[in-house]
Amino acid sequence: MTTQNLPGQPQLAYRGNELFTESMRLRDLAKQHGTPLFVYSKASMLSALASYQRGFAGRKVQICYAMKANPALGVIQVFAQAGCGFDIVSAGDMDRVLAAGGKAEKIIFSGVGKTRFEMRRALEAGIGCFNVESEAELEVLSEVALSLGLRAPVSLRVNPNVDPKTHPYISTGLKSSKFGVAHERVVQTYQRAAELAGVRVVGIDCHIGSQITQEAPYLDAVDRMLDLVEAIEAAGIPIHHLDFGGGLGIDYNGETPPGADQLWKKMLAKLDARGFGQRQLMIEPGRSLVGNAGVCLTEVIYLKPGEQKNFCIIDAAMNDLPRPAMYQAYHQIVPLTPRPDAPKQWDVVGPVCESGDWIGHDRTLAVQSGDLLAVLSAGAYCMSMASNYNSRARAAEVLVDGSHAHLIRRRETIVEQMQQELLL
Ligand code: LLP
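All residue numbers for the sequence shown refer to the working numbering, where the first residue is 158 and numbers rise by one.
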């Protein structure tokens, strides 16, 4: 049997005429669990993590998986067992990490709008660090910690004002962005932190954006961060850890982001040159750990050829795969069992009542109704952003480990969807 790997998709291969993830035939999973179905490869997640680990060999680093990319308990478990920490953005995220066996002291808490309730919960659990995003938040955190007789470990998220050259909705390190403490105010905000009895300065962090495919913005951010660290330390405030955030892009459609190992070798050379190479380091990768480890399996419901467009209507929709509608994002779409017929151009769309409900425009496919397709690079920011729009059930999720498939989330039922609601 011939094996044909898919470019940029380490866990996927056609064996003969069938698409496999690791040793599992995807058609079998679709038949067993129905569609739409998300399927993740554990080996692919661990190999993405290994690339970071190679890049950091011999250094002090804590890799905190940014779980907003994919917060499934089964996925968290994989990273917790591999020794990762977690970057969270809500108390709900924290509860997921703790439920899946992650350690509180390896949690860092990001986000511009942490509530007092969330701060209390995180302090009581003993998380490792709050990534504070504003002066107002710093004051409130100090107050909350004092009310519990504690000191909150803090890092300030600084806004380095570099352009990550990605989609505007996922650029976060520009001056115009709501994130982080403005570069000019960083030193004085650290001075304020040093005065507050309820906080303890432990680090500094930045995160400049997501789906970054070039090295230059990262290297610029390092320089700007280190300039700040030097200024803060010159003001008498020691900085224990340096956190460079996440953001490394993946190959959706032929993009060529640097490998995590290559990028970090360059970043570390820069840190070494400026005398910071032996500091405690942290990073918060999300997409690059899980994005290409996942696919969404879907069935073609109807074909609707037309004068101007041919529509291929599938059973997955913008509620399952929101990235095309939100960011005009591209996901490859491939058949689970390729047909020998001549291909045609199709707009691949979902059943939701919106013209924005498209998954791929102008795709060249040989398809028939009833065929199974895989939407690729669906491991990050798909299920985590899924909704019940049009009363659609959220999909089931399966995690493949070699020849074993674990169901990690059952398909939602309509009873579960209505459970929180009350009749008049
Ligand atoms: N750290 C912080 C503070 C973040 O805000 C994010 C992502 C990450 C780490 C992880 O970034 P990553 O390594 O995954 O790029 N929904 C969008 C992506 C939003 C990213 C939000 N922040 C999408 O589907 O492209």
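Just so it is clear, CB atoms sit at the ideal spot from N, CA and C, and this is done for glycine as well.
inquiry  = Looking only at its chain, what residues have a beta carbon closer than 6 Å to the beta carbon of L305, apart from the 5 residues adjacent to it on each side?
reply    = L280
ask   = Between Q525 and Y459, what straight-line distance do the alpha-carbon atoms span, to the nearest angstrom?
value = 8 Å
ask   = So A205 and A450 are in contact, right, with Cβ under 8 Å, and what is the actual spacing, rounded?
value = 7 Å
task = Measure the alpha-carbon distance for G517 versus V509 and round it to whole angstroms.
result = 14 Å
request  = Would you kindly work out how many angstroms separate the C-alpha atoms of T370 and L203, rounded to a whole number?
outcome  = 21 Å
Minimum C-alpha distance to P317 - residue among P310, S334, T323 and R308 = S334
query = Excluding the five sequence neighbours on either side, which residues of its own chain have a C-beta within less than 6 Å of the C-beta of P500, listed in chain order?
reply = T521, L522 and A523
query = Is G536 near the ligand LLP, judged by its Cβ being under 7 Å from some heavy atom?
reply = no
ask   = What residues in its chain sit with their C-beta under 7 Å from that of S541, if we drop five residues either side in the sequence?
value = K225, A226, N227 and P228
inquiry  = Does the distance between the C-beta of A226 and the nearest non-hydrogen atom of the ligand LLP fall short of 7 Å?
reply    = yes
task = Output the distance between the C-alpha atoms of E573 and M483, rounded to the nearest integer angstrom.
result = 26 Å
message = In whole angstroms, give me the CA-to-CA distance for L169 and A473.
response = 20 Å
task = Look up I245 in the DSSP assignment and give the residues it is bridged to.
result = F266
query = Are the beta-carbon atoms belonging to A531 and L454 less than 8 Å from one another?
reply = yes
message = Just list the residues that DSSP pairs G517 with in beta bridges.
response = V505
ask   = Helix or strand or just coil, what does DSSP make of Q210?
value = helix
request  = Enumerate in chain order the residues of its own chain whose CB-to-CB distance from V555 is below 8 Å, with the five nearest sequence positions on each side excluded.
outcome  = L186, H190, L194, F195, V196, Y197, A562, H563, L564 and I565
request  = With DSSP as the reference, label D380 as helix, strand or coil.
outcome  = helix
task = From the DSSP output, read off the bridge partner residues of G500.
result = As written in the sequence, residue 500 is Pro, which differs from the Gly given in the question. For P500, which the question treats as bridged, DSSP gives no partner whatsoever.
key: Whole-angstrom distance between P415 and I284, CA atom to CA atom   = 32 Å
task = Indicate the three-state DSSP secondary structure (helix, strand or coil) for Y546 in the structure shown.
result = helix
ask   = Which residues in the same chain have their Cβ closer than 6 Å to the Cβ of C539, if we skip the five residues on either side of it in sequence?
value = L478
key: Cβ-based neighbour list, G165, same chain, cut-off 7 Å, excluding 5 preceding and 5 following   = D408 and N449
ask   = For A354, does the three-state DSSP call read helix, strand or coil?
value = coil
task = List the whole-angstrom C-beta distance separating V218 from L438, where the pair is believed to meet the contact cut-off of C-beta under 8 Å.
result = 4 Å
ask   = Thinking just about the alpha-carbon of each residue, which of S291, M475, T272 and Q161 is nearest to the one in V124?
value = Only positions 158 to 581 of the chain appear in the structure, and residue 124 is not among them; the question remains open.
message = According to DSSP, E456 sits in a beta bridge with which residue or residues?
response = L529
key: Three-way DSSP call (helix, strand, coil) for N316 in this model   = strand
ask   = Are V457 and D504 close, meaning C-beta to C-beta below 8 Å?
value = no
query = Cα separation between K322 and N545?
reply = 32 Å
request  = Find out if the Cβ-Cβ distance for the pair E441, H340 is shorter than 8 Å.
outcome  = no
Counted within 10 angstroms of its Cβ, other Cβ atoms place D519 as buried (16 or more) or exposed = exposed
inquiry  = Whole angstroms are fine: how far does the CA of G536 sit from the CA of E179?
reply    = 15 Å
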